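Plus 184 on top of the position in the sequence shown (first one is 1) and you've got my numbering.
Beta carbons are placed, not taken as given, at the ideal position from N, Cα and C, and that holds for glycine.
Just so you know, these numbers come straight off a predicted model, no measurement behind them.
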Amino acid sequence: MHKLTLKELSAQLQARKISATELATLFLDRIDASDLNAFLHVDRELTLAQAKVADSRLSGNNAGQLTGVPIAHKDIFVTRGWRTTAGSRMLDNYVSPFDATVVEQFNAAGTVTLGKLNCDEFAMGSGNENSYFGPTLNPWDKRAVPGGSSGGSAAAVAARLAPAATATDTGGSIRQPASLCGVTGIKPTYGSVSRYGMIAFASSLDQGGPIAKTAEDCGLLLNAMTGFDERDSTSLQRPKEDFTRSLNDSLQGLRIGVPKEFFGAGLAADVEAAVRAALSEFEKLGAKLVEISLPKTELSIPVYYVIAPAEASSNLSRFDGVRYGHRAADYGNLDDMYRKSRAEGFGEEVKRRILVGSYVLSHGYYDAYYLQAQKIRRLIAQDFQNALAGANRQCDVIMGPVSPTVAWDLGDKTNDPVANYLADIFTLSTSLAGLPGMSIPCGFGQGEKNGKRPVGLQIIGNYFDEARLLNVAHQFQQATDWHLREPA
Ligand code: GLN
């Protein structure tokens, strides 16, 4: 049962072949028996209470497709009942008095919450090693990182501890862990999913999305998570759409842009081989490959690592031990209390970003760093528009690697923040442009040390082209079985 997709589980529930309570119990038992540190907070009673409600909805006639389906939430979405820590000591004992909009939407659909998933502190990281609660392990190889910052979400789905999970992506945190754990994830167009109750990292980039086994499941989840929310000032006002509407469209004639900047030095040979094999598979499905150029790709790292810390330094100022967060036990005056509370509450990487962010926003440096980064951000977005839009558009979607390497060993990059930042090279530009992007499993790395570590293919589309991305991914998943492979 734990191997089934969300779509299949939904059919089992609707046919009353299994109850929501039985299903929740099955997954809770698997979570109890797992040693991956994927879950931070589990509460059997709360989960089973939700399952009971779902069961009564299923036996009446107000059940929807997701009613009774168990899912888990990244611990950055606030939840009534379950603690919400964002992977930080700062929020160690925080219980929110309200649910995030995303959580509210899933609760309304009748999903059953299995618990809260580990992540990098305030979603800052690429390996899930920045969590105050310790790293999540990669289910394919426990010596490896699961990717980050949504490492718990990707590991839980890969290890079949949950059929699907919510996640967030600021610069790659849905796509990169999905890639490193061999599961499917999509970051929709910025503004599609409400950020209300999603603990803020960099507000102009943060975007929620799902991680699941298949593209089809991701579509079902997006149907529930997207939509206008007046409580989020950047939420888009668009009609509701069915993201699964074009899953079965043919790929005949599809033009796939292959950016040459995504295949240069720094891309590991095993990742390149798996991605190129996937591109050939698409040719067999009727698509055409077109070489394109995204010349500003390289600049996405310095630009992102100015803008994201700038926004983070502002967002995190609310954690002062008074309005929010941990308060030091011993302190002298007010300044001392702020200083000690923040020194104790935040981890190294978060402090580094607050310092960088405050610096680039400060008088005299604002123009040189922050403003300059904003200008280049616009040019990065223009690169994509040149390829995907206008009279001279070259392609319908863009494909390439998600991560330059397969999952690295735990501890390998912990003392080298820049090495971590460099691993984001292929995901940051999409986020800076606000475009939708996804990762689907497409093979395994063959490195000596890295036997059996998954490789993800990235699929990027123009604004609001999620249904097409899911169509493209679904067709690939009908023709291949990478997404069905499971860790031992
Ligand atoms: N790895 C990037 C960072 O550390 C992206 C994280 C994210 O998308 N939340 O900021």
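- Contact between residue 261 and residue 350 holds, with the beta-carbon distance rounding to 6 Å and staying under 8 Å.
- Taking 7 Å as the cut-off, the C-beta of residue 375 does not count as close to any heavy atom of ligand 1.
- Apart from sequence neighbours up to five positions away, the residues of its chain that approach residue 470 with a beta-carbon distance below 8 Å are 434, 435, 436, 437 and 438, ordered along the chain.
- Within the same chain, Cβ atoms closer than 6 Å to the Cβ of residue 483 are found at 560, the five residues on either side in sequence being excluded.
- For the options 280, 237, 479 and 445, the alpha carbon positioned closest to that of residue 294 is the one of 237.
- Each residue's CA atom was taken as its position, placing residue 504 and residue 272 some 14 Å apart.
- Partner residues in the beta bridge of residue 593, as assigned by DSSP, are 328.
- For residue 439, there is no enclosing alpha helix (DSSP H); the residue is part of the beta strand (DSSP E) that begins and ends at 439 to 443.
- Taking a C-beta distance under 8 Å as the contact criterion, residue 279 and residue 381 do not qualify as a contact pair.
- DSSP places residue 628 in the uninterrupted beta strand (DSSP E) bounded by 621 to 629.
- Per DSSP, the unbroken beta strand (DSSP E) holding residue 475 starts and ends at 472 to 476.
- Here DSSP, grouped into helix, strand and coil, assigns residue 371 to strand.
- Relative to ligand 1, residue 261 has its C-beta separated by 7 Å or more from all heavy atoms.
- Per DSSP, the continuous alpha helix (DSSP H) segment holding residue 491 begins and ends at 484 to 499.
- Fewer than three Cβ pairs drawn from the segment 440 to 459 and the segment 404 to 424 lie within less than 8 Å of each other, which leaves the two stretches out of contact.
- The beta carbon of residue 554 sits closer than 8 Å to the beta carbons of 490, 491, 494, 544 and 545 from its chain, once the five residues preceding and following it are set aside; these are given in chain order.
- Ranked by how close their Cα comes to the Cα of residue 223, the residues 608, 530, 312 and 388 have 312 in first place.
- Within its own chain, the residues whose Cβ lies closer than 7 Å to the Cβ of residue 583, once the five positions on either side in sequence are excluded, are 440, 442, 463, 641, 642 and 643, listed in chain order.
- CA-CA distance, residue 508 to residue 666, rounds to 44 Å.
- If the five residues before and after residue 576 are omitted, its C-beta is found closer than 8 Å to the C-beta atoms of 570, all from its own chain and listed in chain order.
- In this structure, DSSP gives residue 642 an extended state, which the three-state scheme calls strand.
- Distance from the C-beta of residue 385 to the nearest heavy atom of ligand 1 is below 7 Å.
- Rounded to the nearest angstrom, the gap between the Cα atoms of residue 615 and residue 372 is 10 Å.
- Rounded to whole angstroms, residue 591 and residue 360 show a C-alpha spacing of 10 Å.
- In the three-state reduction of the DSSP assignment, residue 314 falls in the coil class, being assigned neither a helical nor a strand state.
- Setting aside the 5 residues that flank it on each side, residue 664 is surrounded in the same chain by 465, each with a C-beta closer than 7 Å to its C-beta; the list follows chain order.
- Taking residue 363 as the centre and dropping the five residues before and after it, the same chain places the C-beta of 586, 587, 623 and 640 closer than 6 Å to its C-beta, in chain order.
- For residue 480 against residue 567, the beta-carbon gap comes to about 5 Å, under 8 Å, which counts as contact.
- Excluding its 5 nearest sequence neighbours in each direction, residue 346 has C-beta neighbours in its own chain below 7 Å: 211, 254, 255, 256, 298 and 340, listed in chain order.
- Each residue's CA atom was taken as its position, placing residue 526 and residue 307 some 17 Å apart.
- The beta carbon of residue 422 lies closer than 6 Å to none in the same chain, with the five residues before and after it left out.
- Going by DSSP, residue 535 is part of the alpha helix (DSSP H) stretching over 532 to 544.
- Annotation: residue 294 is outside any beta strand (DSSP E) and is labelled neither H nor E by DSSP.
- With fewer than three CB-CB distances shorter than 8 Å, the segment 387 to 394 does not count as touching the segment 226 to 236.
- Residue 560: member of the alpha helix (DSSP H) spanning 556 to 572, first to last residue.
- Looking at the DSSP output, residue 257 sits in a beta bridge with 300.
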